[in-house]
Every structure is written in C-alpha cells, then in structure tokens.
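See below for the structure under consideration.
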Amino acid sequence: MKANKPIQSCNDFVIKFANVNGSGSASANELFARAIMRMGVPVAPRNIFPSNIQGMPTWYEMRVSAAGWLGRRGGCDLMVAMNPQTWDRDITEIASGGYLVYDSTKTLPHSRFRDDITVLGVPLTEICNREYSDPRQRQLFKNVMYVGALTALLDMEFAVVEKLIADQYRGKDKLIGANVNALKLGYEYAKANLSCPLGLRVERANAVGDQIFINGNDACGLGAVYGGATVAAWYPITPSTSVIEAFTSYCRKYRTDPDNGMARYAILQAEDELASIGMVIGAAWNGARAFTATSGPGISLMQEFFGLAYFAEVPAVIFNVQRGGPSTGMPTRTQQSDLISCAYASHGDTKHVMLFPEDPYECFTLGAQAFDLADRLQTPVFVLIDLDIGMNDRLCKPFDWDDQRRYDRGKVMTAEELEAGKNFGRYLDVDGDGIPWRTIPGTHPTKGAFFSRGTTRNAYAKYSEAGTDYVYNMERLRRKFETAKKLLPAPIVQRASKPSRFGAIYYGSTGPAMAEAFALLESQGVHVDTMRVRGFPFADEVIDFINEHDHVFVVEQNESGQLRMLLINEGEVDPKRLIRVLHYDGTPITAAFISGRIADALAEHKVTPIRKKVAS
Amino acid sequence: MTYLVKPKLLWDEAPKNALGYTKRDYEGAISTLCAGCGHDSISAAVVQACFDLDIQPHRVAKLSGIGCSSKTPDYFLGNSHGFNTTHGRMPSVLTGAALANRDLLYLGVSGDGDSASIGIGQFAHAMRRGVNMTYIVENNGVYGLTKGQFSATADKGSKSKRGVVNNDSPIDLVALALELGASYVARSFSGDKEQLIPLIKGALRHQGAAFIDVLSPCVTFNNHAGSTKSYDYVREHNDAVNRLDFILPRDQIRASYAPGSLRRIVQHDGSVLLLRKLDTDYDPSDRVGAMNHLQERHAVGEIVTGLLYVDSSGEDLHRHLNTVEKPLNQLGDAYLCPGSMALEALNASLR
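This is the structure:
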C-alpha cells in the first residue's frame, strides 16, 4: 500500500479510541465528545466495551457529523491506538488515507505501521513520567493529554475544552488546574512537533441547537420519576443496571422530603429477577406505581409472574434494555431480540403491551407514559430499548413536561363510590372497553375487597372452574387489548418524495440509521416510504401502511425478524410482502447497511430507480 | 370439604369486639380443604386473633403462594384484600405490597412446599430484609394437591403413606428464620389453639419480620404411623419452652405467677408478651441459644414449640429505607412529579 492522499474532511468523520478498560479513558473520551458538541457540531459516540472490570479491550467510537446523523457510520478515519493488545487489528481498521495517533514513547518497528496512513506519535508515557510521580495520575492524565493533542490536531478551540473541564470539576478547583495542565501538555506537544491541523478538522458550526446529551438509561430513570413511580425493585444486569442507578440519583435529588430528609420512594435490590418482578406486582396491586429494569435473561426468569400480572390484571412497568441473546449471548452488545419473549411472555394465551422509544427523549416521555398505560390498562407494560440507546450518550430534543398533566390512575373505585352503592365486580366489563374496575387494598371496611389470583374466577373475582367464566374473561381481555391499540403512541410515517410501492417499517434504536438511509436512498432516486412503530399491539395504521404498499422492508436488529413475525401474526399479513432487513452482529445498524440491502432487494424486484436528470 | 353454606343470620348475643364486629365479620368463604385438615384450625386461629385484637378487616392484606395452605386466605378475613400469587413467590409480592403502603397489616400464608422447597430463596430474603409482616407456614411435610410427595421439611427417615422412606435431611424454617434475622420467631401446632392464637396476636402486633411455623397435619397424606408430622407424633413430641399470654396496651395484667417463672417483653407498639416459662433455662432474647436448643432437641426427635425468639426494637424494612411516614401509594402528583422547572434546569446541565 502506498500513500493515498490523506483524508480531507471538516466536521464529518469517525474517530475511534482503542483503550484498555478500567484505565479511566471513558471520561476523557466523553470530554472530547462534549467539546466537539460545544463547538456546535453534532457527535454520536458509542462505547464498545467488554463484560469485564479491568484489563480487556474497549473502544470508543465517535461519529462527527455536521449533518446531524447520529447512527453508527462504520469505518474509522482517525484511530487513537492506546491498547497494545489490539494494536494490529486497530491499525488494520483505519481507512486508507486515515490517521493514527499513538503513544510514541517506545519505538516501534516500521512493519507495525502502514504506509497509506498518516502516523502521529505523541510520547504520552514519557511526558507523564516526567510530569507526574503518582502512578494513578500518570495513567489518568495520559488520557487527558491525548485529548489535548487531538484538540490541536483537529484545529479545535482550546478554550472550549478548558471551559468544559472547569464545568465538569466545578467546586473541585485542584482538579481543574491539574486537568487543564495535562490538556495543555498534549496540546503544546502537538503544536510544536506535529503538523497541525490534519486533513480532518472541527470547525465551529451551529448544528446542535438546544439539544441535550444524555443516555437512554438515565432518561428512563428520569421518566420513571416523572411518571410517578414510587417503588423500584431490581436485580443487577448489564445493560440495564444504570436505569436504576439513574432513578436512585434522580429520586435523591427530586424526591427527598425537604422537611425531614425522608424518601418518597423505595428502591430494593432483590435477590433475583423473579423477586424483583414479584415486588413490582405486589406494590402495584397495592396501588403504588412500580417498575423494574432488566435485560433478556431477566425477562426469561420473570415469565411466570408476567402471566400472573396479565391474568390477575395488575399494572407493572418493565424497562427491558436488550442485549445480544440467546442465553448469556453478547451481554455487552446491542440487539432487538426480545420482542417475541415480551410480546407473548408466559404460558397460556397472553399478550403484552410494548413501547419502543427511539432515543433518550422518548425513553423519558414513553417511560413516563408507561405508568399511565399500565394503570389504565391494568397490565404489564414493557418499555423496550437496547444497549445502543441505553448506554450511549446521544444528542436529543430537550426534555419537556406539561405541568397541567395529571397521572391517569385508571379505573380505581374509591371508598365514596363503594359507599354510594356502585356495583363492584373486579372482572366485570362495565364500560365495554374490556377494562374492569379495581379497588386498592384498605379502601373500605366492608365493600370492595376481592381475592386476586392466577386461577380462573368469575366477574366478581370468585374462584370458578366454569368454562363460561373462563371464556368471558378471555374475551374481555381481548377487548382490553383492542382498547390498548388506541392508547399507545401512534406510528410515525415519513413519505418518500415520490409515491412508492415500497415501504420500510422499523423501530427503536434503528431510527437514526434509518433516517440517514432514507436520505441516502432519496439521493440515489430510490423512493421508500417509512414508518416507525412505537407500540404493540399495533395500531390499525400499521397494518394499513403495509396494505398500501406492494412490499415492505422490516428493518430490525435480530436474527429471526421478530417484528416481522409479530406483523404477520397480528396483522394477518402475507409473509411474502414483508422483506427482512436484519442486522445482528452486536454492532449498531448503519445507514449504509440498510440502504445497501434495500437497494439490492429493489434490484431483485427489478425496480429501476428514477435517476436524477443530468443537465444536458 | 363441606357443601353446607353457613346461615347469614346471627343470634343477637353473638359477642362483639371493640369495633362492634362479630367473629363472623372476620370469616371468609367456606373452606374447600379436607375435613379435619390442620389448616382450617389455623384459619380459625387467625379469625380469633384478629377479632380479639379489634383489627379492622380491611386493614389487613393477606397473601399466599400456591398449595393447600395458600388457598386458606380465601377462607378467613373476607373483607380483606387477598392475593394468591405464584408458587413460592409470595414473599416478594408481599414485600412489594408492604413497600407501597406501610399502614396495612401484612399476613403471608404459605406451606412447607411453597416456602421450604420452591420458595426457600424468597422466604430467606424476606426474613433478612425485616419486612414488617406475619408469615405463617402451615407445615405438614407433604404436597397435598399433587397427592402426597415429600416436601423439604419432611424428616429424614419419615415414611410416606405408601411406605417410601425419606432420605433427605429436613429444612427447619424456624432455624433458618433465626439465622436470617427474623425478629419474632415461633413454632406451634394447629391442634393447640391455646398456644397458637396468642402467638399469632403477638406476631400481628410485632414490628418487623414475624415468622410462625405451624405444624399442621395432613389428614389425607401424612397422618399415619411412621410420619413425624402426624397428629399423634406431634402431640407426643411437642416440647413447648413457654406459653404466651398476649396483652394489649389497654389491658391490665392481672395474673400473678411465682417469681422467676414469668418473662415480660414489651413490644414496639406497647403490647406486652407475657411468657410463662416451661423450660426455666430458655431465654427468648438469646438468638444463638435458641438455635442451639432447637438443634439439640431435634437431635432427640423432639419438636420445640413456643415463642422462640423475639427482638422488640422495631427494626424493619421501611426504617432501613427511610421512607416517608405517609404510605407511598397515597402520595399525590405534587409530591412525586418534579415538574417542568426542574426539567429545564436539568436540560441546561446536559448541554
């Protein structure tokens, strides 16, 4: 390979940091991402990390995109190679004409590099050893130092990074000085010894606007606070643990009684996932809003309880941050592979409500709404996100809340209504919407008590083995799920610039890549209408959308096409009309992948793109 | 089971408690268990205890798992909400319910299969958390609904109805509860309501995790010679360390006993546990001593009953979590939702 022209790009490239986990690199990398954002340029970082505490390889991949594309792009224009373990594969990954930043303290033979990339050595260890005596400092400041070097190499504003450090360590002035000093060391070394700037540059822009930068798990935790959850029961599991951590810290902040410091919430780390969902069901049966956060293996363990909550009609909210399955699968990689295990969780004929947030903004809004839906429908509601949304900071719309909004506690009969002689039958369909009335334990001394159970009962909650009672109940549950369709967030449609016989359906974390793929296809003259599904059971519009098109691509991140299965099953759609676009290697789906698959499939269907007219 | 429905009419002189309720107000649906089942006696003891304590029935939440014992909450306290959950998982559902509303009384009813076999994990963890509850195990050493298999509390060497000998070591839930930090631990016998009723009362008025193991013979599958959970065997080997008199704060203690024969324990709510000692050396505030005593007596085939351990300091899960006094399920929107202003400040910190 011989010298390709170095890549030239302003505000549109991918940087990858190859680090060792547990070395403190994550916060430095995040600092760097935020600095670019503060310069008004959108970034989409992704942590690719091992299931390990210390010593294994970890990568931080950062897409810089003035156009605001937040999906993963793939490829690597600039590699910051800080991990000798993965050196060879990291070097291989750099695009021809790309750049390599590395620690040049130790001389490496020429054979360890490539001729078609620009190699930029910074003697990080040497500088650190010279400047610091404490081994921990030597390690941590090495990270800040390469951020300094990159600031110079990419022509970024030093003052922005400096200010960010000041903001981050506000109140800990000692740390500000030390970090800024390390930043300067890296910056000055690069300025003096390397040719700055590179072909890759960050230039101040105005493409971030008022967006916020937060990860989906934090947003779910915040949504649970705003949604009025008072009980959280959970068991640690990657990648959902930080939902509870966020709920805990937001509760401490917003739900501590100012008078006496007491908690307006209860968070319990259970002994396992069975117990955590049991606690949620107990709390919700007793009238509190309650939730758990888990991932695939936890969903498997909770199955029996989901059936109980479905059949006894107890609200529950479950945040499922999906990871690669089956079994332990790929615990630190992303997938959308729990749709089926949630949609029909538990034995017997069951069906569950699911919500599919696209980004942290929707994690917050749909997360909060899940509690209203669970109370209104008296059933478990699954909020399905995945590791890509949950554990990566993402630019999104700022959070908003209508202060006039009141929690919808659903059909709860009060002591006054019971006293006034209102007919109470726990499983009686009074209103024709399939949703019965319930009472909260302790409501009235002599009226409204009932016995909840997973066994069949009549409309007045009395034990029954009569087939007619069973059928009445099952038919009512079916009506209840018809009602649910109308309460769930509507799908979002984007029409192609020209009428199209082709559609694409997608959901959740596929959103950013799909939006970019749509634009890419449009620019190639390929027109596909798209629909983002946000809830299950599907709104009628979803099935109508499929029926409007000859073929619909179902784009998702699992191996078996689980959304497609649900569409076929629930919408009675001809399977031939639903074309799979599946990505499931554990990395987030890309626009290039989607547009490539769609273009290939259209070619097979002999669809000729309408080429843009070339000026004659 | 009986097919006779109880008449609704009451005779005028039916005794009423301080709330004006008769015992009938504490009863539930007609039991569907076998005639002579020990569990029905326990249900009757629960009814009596709640009547005597003037408990408002709707202030009790009764929860159970799956099995014969777990069916019983339907047969008492018909004006209380009940929840027949899944097999072995009642403790977690009860824990969640208790978190939601600290003001109700929580009564968990379970069996030896439900708590010692499938549900031993949840049993253990509810005890160690100090959930404020009364947890009764109706212990017959056998699975009734599935027709007579051994449960994990069946003694080694005991014989099933079909003559099969159990070779596995038994689990003693009392020993486990002591080990795991339950703060009120008792064992009793369904055939001895004089002993059982006060123990239930003490447990209902105890703050913290109260556990009562009640030997409750299965007349159909485990009441034969060779069983160590039969009426005859339990009567012959019942080794009571004390007899409890439960005294409400409002009542005066009238009885007088010989010095040294009585132990008086004041519970967190002011109620008094008066223990008449049958074994003069037994100290119900000594947890380690209690565990030793249990093991020693079990080794010689005796079944230790009575109030075996009590710690009336009032520690419980809510105290550990520092939750507000008002039940969480009654906090209004304004107490829960931080509102739009807080969100704006948060947004600003995320840029």
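Line order of the protein sequences matches chains A and B. Going by the numbering used here, the first sequence opens with residue 1005, and the numbers climb by one from there. Going by the numbering used here, the second sequence opens with residue 1300, and the numbers climb by one from there. Beta carbons are placed, not taken as given, at the ideal position from N, Cα and C, and that holds for glycine. Bear in mind that the values here come from a model prediction, so they are computed numbers and not experimental data.
is_contact[residue i, chain B] using C-beta, thresh 8 Å
i       : result
Y1230/A : yes
S1620/A : Here the model assigns S1620/A a pLDDT of 45, short of 50, so the residue's position is not dependable, and the following value carries that caveat. Closer than 8 Å: no.
V1247/A : no
M1005/A : At M1005/A, the pLDDT of 48 sits below 50, so the modelled position is not reliable; the number obtained from the coordinates is stated separately. Cβ-Cβ to chain B under 8 Å: no for M1005/A.
E1574/A : no
K1020/A : no
G1291/A : yes
P1449/A : yes
A1519/A : no
I1393/A : no
C-alpha gap between residue i and residue j, whole angstroms
i       : j       : result
A1022/A : L1403/B : 56 Å
G1232/A : L1635/B : 5 Å
M1358/A : V1530/A : 32 Å
S1501/A : A1519/A : 14 Å
A1313/A : V1609/B : 36 Å
Y1474/A : R1457/A : 13 Å
L1570/A : Q1408/A : 36 Å
G1501/B : L1514/B : 18 Å
E1608/A : I1602/A : 10 Å
L1642/B : D1404/A : 7 Å
K1492/B : I1499/B : 10 Å
N1438/B : S1055/A : 44 Å
K1176/A : L1157/A : 29 Å
M1426/B : A1481/B : 5 Å
L1370/A : H1356/A : 16 Å
V1247/A : C1224/A : 6 Å
Q1339/A : V1047/A : 22 Å
L1391/A : K1484/A : 31 Å
Beta carbon proximity, residue i to chain A, threshold 8 Å
i       : result
V1623/B : yes
G1613/B : no
G1420/B : yes
L1406/B : no
A1360/B : yes
Q1494/B : no
R1650/B : yes
Q1506/B : no
H1338/B : no
Q1594/B : no
Neighbouring residues, chain A, relative to residue i (Cβ below 8 Å)
i       : result
S1639/B : D1404, W1405, D1406, D1407
H1424/B : A1274, E1275, A1279
Chain-ordered neighbours of residue i on chain A, where CB pairs are closer than 7 Å
i       : result
C1636/B : Y1230, G1232
S1379/B : A1453
L1403/B : P1445, G1446
Closest Cα partner of residue i within the set the options
i       : options                            : result
I1052/A : T1336/A, A1419/A, D1437/A          : T1336/A
T1443/A : T1459/A, T1460/A, E1420/A          : E1420/A
V1262/B : V1359/B, Q1594/B, T1519/B          : Nothing can be reported for residue 1262/B: it is not among the residues displayed for chain B, which extend from 1300 to 1650.
F1444/B : Q1421/B, T1527/B, C1336/B          : It is Leu, not Phe, that sits at residue 1444/B in the sequence shown. Closest option to L1444/B, Cα to Cα, is C1336/B.
T1385/B : F1454/A, N1462/A, G1311/A          : G1311/A
L1399/A : G1265/A, R1461/A, S1029/A, V1212/A : V1212/A
A1182/A : S1029/A, F1145/A, T1122/A          : F1145/A
A1288/A : L1278/A, D1261/A, V1318/A, Q1307/A : V1318/A
Cβ-based burial, residue i [other Cβ within 10 Å; buried from 16]
i       : result
I995/A  : Given that chain A is displayed from residue 1005 to residue 1620, the structure contains no residue 995/A and the question cannot be resolved.
G1299/A : For clarity, residue 1299/A is Ser in the given sequence; the question names Gly instead. Buried, because 16 or more other Cβ atoms sit within 10 Å of the Cβ of S1299/A.
Q1273/A : exposed
N1591/B : exposed
T1111/A : exposed
A1524/B : exposed
K1490/A : exposed
Where residue i meets chain B, residues with beta-carbon distance less than 7 Å
i       : result
D954/A  : No answer is possible for residue 954/A: the residues shown for chain A start at 1005 and end at 1620.
I1180/A : Per Cβ cutoff of 7 Å: no residues; I1180/A is ~17 Å from chain B at best.
Contacts of residue i in chain A (Cβ-Cβ under 9 Å)
i       : result
T1394/B : A1237, L1272, A1274, A1279, G1282, M1283, G1286, A1287
T1385/B : L1278, G1282, E1308, F1309, G1311, L1312, G1458
Amino acids of chain B, ordered along the chain, whose beta-carbon sits closer than 9 Å to that of residue i
i       : result
M1417/A : By Cβ distance, chain B contributes nothing, its closest Cβ being about 13 Å from M1417/A, past 9 Å.
Y1431/A : The premise fails here: Y1431/A is roughly 15 Å from chain B at the closest Cβ pair, so nothing lies under 9 Å.
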